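In numbering that gives the first Met the number 0, the protein residues as written are 0 to 294.
See structure below.
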Amino acid sequence: MNNHKKTHLRFTRTLSSCVVLLAFFVVMLGAYTRLTDAGLGCPDWPGCYGQLILAQSPQGLQKAQLQFPNQPIETHKAWTEMAHRYAAGSLVVLIITLIGCVLTQAPYRSMLTKRLALMLLCLLFFQAALGMWTVTLKLLPIVVMGHLLGGMLIIASLTYLRGVVSSLKPLGLSQWRFGTNAGLVIVFIQIALGGWVSSNYAGIACIGFPQCNGQWLPQLDLSAAFNPFHALDMNYQGGVLNNQARVSIQIIHRLGALITTSYILGLAILLLLWCKHKRIQCLAVMALCAVILQS
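So, in structure tokens, the structure goes:
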């Protein structure tokens, strides 16, 4: 292999690591945008009050306000939302660059890599659409939750792609495949439940832990809590569900957390005890630490 090809391979591996880190940062920035109630900091998409970058001068802000007279400008929220959008836009450019690098290098042009690249491109387009709908549908819960899940799927796909370009060999532990795949499904469902809690503003519906508002099992309204069909002409910032429905969401999320924690702890301990592969043991320790931190 000549020096040019070696340099190209090193660049691709470095780029794959940087893209994974940036994807993680974008998801964290999205969470910050959500927690600071800045999801509608810009009432339009892809601009912000009709501008690519919100003006700072009083005259510019006044002109921008005329575009959306019913949506008062909160500068800090607008800048938070713009930062999230432009970070996501940068991520899209780097992912497309990474895909191009991977598909133009012979060592990586396998059918698996091509399928992974196609899946990533589909996820990017769908994620961009969800980002737009999050704003235009005014934080519709099912869209907000889907936006979170899309981000997590992109991180997972990029992490897998990084393993491919880093030439990590399969571990050959087929006996653990079912257990680890089941763990992935359980964690994915729990993330979805967490997204549903957040999108419906049910995070503080229960005061106290492990009890909820002084009760072990309060009265629930599951049909209202998990109804994904809502009116499209409402503003969902702050949530629209009654307290009983929000309590129901919180209780189910807590039960999901109990199941997820128990399963991942058990799986990680079994891997540490029965699997002697160093990389697997390292991943098991990381899973244990993550579960403990989440708890």
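Just so you know, even glycine gets a beta-carbon here, dropped at the ideal spot from N, CA and C.
Source: prediction; values computed, not measured.
Exercise for the section: In angstroms with no decimal places, state the Cα-to-Cα distance between A204 and T96. Expected result: Taking the straight line from one Cα to the other gives about 44 angstroms.
Practice task
Can you check DSSP and say which residues form a bridge with C211?
Solution key: Q214, per the DSSP bridge assignment.
Practice task
Would you kindly check if the distance between the Cβ of G40 and the Cβ of K76 is under 9 angstroms?
Solution key: It is a contact, given that the beta carbons lie within the stated cut-off.
Practice task
Find the nearest neighbour of V163 within the set C121, Y200, R108, G213, judged by alpha-carbon distance.
Solution key: Taking only the C-alpha atoms, the option nearest V163 is R108.
Exercise for the section: Could you please give me the residues that DSSP links to C293 through a beta bridge? Expected result: The sequence shown places Gln at residue 293, not Cys. Paired residues: none, contrary to the question.
Problem - Reduced DSSP secondary structure (H/G/I, E/B, other) of C47 - result: In the three-state scheme derived from DSSP, where H, G and I count as helix and E and B as strand, C47 is classed as strand.
Problem - Exposure of T181, with buried meaning 16 or more beta-carbon neighbours within 10 Å - result: Sequence check: residue 181 is Ala here, not Thr. A residue is called buried once 16 or more other Cβ atoms fall within 10 Å of its Cβ, and A181, having fewer, is exposed.
Practice task
Return helix, strand or coil for Y200, following the three-state DSSP convention.
Solution key: Correct three-state label for Y200: coil.
Practice task
Check whether the Cβ atoms of Q236 and D36 lie closer than 9 angstroms to each other.
Solution key: Taking 9 angstroms as the Cβ cut-off, Q236 and D36 qualify as a contacting pair.
Practice task
To the nearest angstrom, report how far apart W273 and W175 are at their CA atoms.
Solution key: Approximately 10 angstroms between the Cα atoms of the pair.
Exercise for the section: May I have the straight-line CA-CA distance separating G38 from T32, to the nearest angstrom? Expected result: One C-alpha to the other measures close to 6 angstroms.
Exercise for the section: Measuring alpha carbon to alpha carbon, tell me which of V143, Q280, R9 ends up nearest Q104. Expected result: The shortest C-alpha separation from Q104 is found at R9.
Exercise for the section: Quick one: grab the DSSP three-state call for G13. Expected result: Reading the sequence as shown, one finds Thr at residue 13 and not Gly. Here DSSP, grouped into helix, strand and coil, assigns T13 to helix.
Exercise for the section: Evaluate the contact criterion for the segment 185-201 versus the segment 243-260: three or more CB pairs, one atom per stretch, below 8 angstroms. Expected result: Yes, they touch.
Problem - F67 vs Y48 beta-carbon contact at 9 angstroms - result: Cβ atoms of F67 and Y48: closer than 9 angstroms.
Practice task
To the nearest angstrom, report how far apart T158 and K277 are at their CA atoms.
Solution key: So the alpha carbons of these two residues sit roughly 19 angstroms apart.
Problem - V101 vs L160 beta-carbon contact at 9 angstroms - result: Taking a C-beta distance under 9 angstroms as the contact criterion, V101 and L160 qualify as a contact pair.
Handout entry: Helix, strand or coil at Y235 [DSSP, three-state]
Key = Coil at Y235, not helix or strand.
Practice task
Would you check if the segment 279-289 and the segment 203-220 touch, i.e. whether three or more CB-CB distances between them fall below 8 angstroms?
Solution key: In short, these stretches do not touch, since the Cβ pair count stays below three.
Exercise for the section: Rank L266, I72, A82, L136 by C-alpha distance to the C-alpha of L341 and give the top, closest one. Expected result: What is shown of the chain runs 0 to 294, which leaves residue 341 out entirely.
Practice task
With a threshold of 16 other CB atoms inside 10 Å of the CB of T133, please say whether the residue is buried or exposed.
Solution key: With 16 or more other Cβ atoms within 10 Å, it is buried.
Practice task
Rounded to whole angstroms, what's the CA-CA distance from S138 to G99? Just pull it up for me.
Solution key: Note on identity: in this sequence residue 138 is Leu, with Ser being the wrong assignment. In a straight line, the C-alpha of L138 is about 34 angstroms away from that of G99.
Practice task
Take every Cβ of the segment 183-197, pair it with every Cβ of the segment 119-132, and state whether three or more of those distances are shorter than 8 angstroms.
Solution key: With a cut-off of 8 angstroms on Cβ pairs, the segment 183-197 is not in contact with the segment 119-132, counting fewer than three such pairs.
Problem - Limits of the unbroken alpha helix (DSSP H) element including E73 - result: Counting along the chain, E73 falls outside any alpha helix (DSSP H), and DSSP gives it neither H nor E.
Problem - Pick from A286, E73, I52, A22 that is closest to V91, judged by C-alpha positions - result: Nearest option by C-alpha distance: A22.
Exercise for the section: Starting from Q243, follow the alpha helix (DSSP H) in both directions and report where the run begins and ends. Expected result: Start and end: 242-273.
Handout entry: Outcome for A230 when other beta-carbon atoms lying within 10 angstroms are tallied against a minimum of 16
Key = With fewer than 16 Cβ atoms within 10 Å of its Cβ, A230 is classed as exposed.
Problem - Whether I154 touches V19 by CB criterion (9 angstroms) - result: The beta carbons of I154 and V19 sit closer together than 9 angstroms.
Handout entry: Cβ-heavy atom distance, V184 to the ligand ZN, below 8 angstroms
Key = Ligands displayed in this structure: none; no statement on the ligand ZN is therefore possible.
Exercise for the section: Please classify F228: does DSSP put it in a helix, a strand, or coil? Expected result: Secondary structure of F228 (DSSP, three-state): coil.
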